[in-house]
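In the working numbering, the protein residues as written are 76 to 293. A virtual CB, placed ideally from N, CA and C, is assigned to each residue, including glycine. Notes to accompany the following structure.
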Ligand SMILES: [Zn+2]
């Protein structure tokens, strides 16, 4: 995965840059393109297969970067968002300094921020947001499986087999529902395990509620 601007373009004036589909911002790329000088304003955008997938307006200040954009969840209402991302500077051995982002959530020093939920966050915080989205998906699938199981008078546990066809139900209907329940249960289980695994990579990190994913638009 390239950073923001890989294969993209940027110019002053209209100040627009196009990057890959990942909604990320790489401070090294910004530095390389001389975008970190205080007073710089620009628009960062991302696209996939030539289609813009998101954009944010950006203003560089002395010790921070201000992002402006609209965000919405899965076709919901657009909401104006303003996010401030502090800079950290470390000295280099050979003189000069390097500029980093401070993740607005965990305040860790990072080079890349990822669009996660409503905000731009470091990889770890992004992963945790992703894990909680996957958990929601997992719960939805398991609830779907359990609903079908109730209809079939089968055990609610997705680990139990569905053995008996309710009286008066057609065999064809029973087979179809049984397969649907198994499929939803299996998928929900796999997604839930993958989300748990992702979350376990970050045990010990405290994270409050972060809004779920959605779209960004400058
Ligand atoms: Zn973070």
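Rank the options by C-alpha distance to the C-alpha of residue i and give the top, closest one.
{"i": "residue 56", "options": "156, 263, 138", "result": "This structure cannot speak to residue 56, because the chain is shown only from 76 to 293."}
{"i": "residue 221", "options": "197, 254, 140", "result": "254"}
{"i": "residue 128", "options": "145, 117, 162, 187", "result": "145"}
{"i": "residue 263", "options": "212, 239, 174, 251", "result": "212"}
{"i": "residue 116", "options": "140, 100, 123", "result": "140"}
{"i": "residue 155", "options": "143, 172, 230, 190", "result": "143"}
{"i": "residue 106", "options": "169, 162, 239, 196", "result": "162"}
{"i": "residue 292", "options": "153, 136, 135", "result": "153"}
{"i": "residue 210", "options": "135, 131, 269, 249", "result": "269"}
Is the beta carbon of residue i less than 7 Å from the beta carbon of residue j?
{"i": "residue 98", "j": "residue 199", "result": "no"}
{"i": "residue 228", "j": "residue 236", "result": "no"}
{"i": "residue 158", "j": "residue 194", "result": "yes"}
{"i": "residue 102", "j": "residue 176", "result": "yes"}
{"i": "residue 188", "j": "residue 223", "result": "no"}
{"i": "residue 174", "j": "residue 111", "result": "yes"}
{"i": "residue 259", "j": "residue 216", "result": "yes"}
In angstroms, rounded to a whole number, what distance separates the CA positions of residue i and residue j?
{"i": "residue 104", "j": "residue 165", "result": "17 Å"}
{"i": "residue 184", "j": "residue 125", "result": "32 Å"}
{"i": "residue 267", "j": "residue 257", "result": "15 Å"}
{"i": "residue 172", "j": "residue 133", "result": "22 Å"}
{"i": "residue 226", "j": "residue 151", "result": "33 Å"}
{"i": "residue 208", "j": "residue 149", "result": "12 Å"}
{"i": "residue 100", "j": "residue 167", "result": "22 Å"}
{"i": "residue 243", "j": "residue 265", "result": "33 Å"}
{"i": "residue 123", "j": "residue 109", "result": "25 Å"}
{"i": "residue 136", "j": "residue 160", "result": "10 Å"}
{"i": "residue 219", "j": "residue 249", "result": "16 Å"}
Check each residue's C-beta against every heavy atom of ligand 1 and list, in chain order, those closer than 6 Å.
178, 180, 181, 183, 196, 197, 199, 200
Are the region 200-208 and the region 263-273 touching by the rule of at least three beta carbon pairs closer than 8 Å?
yes
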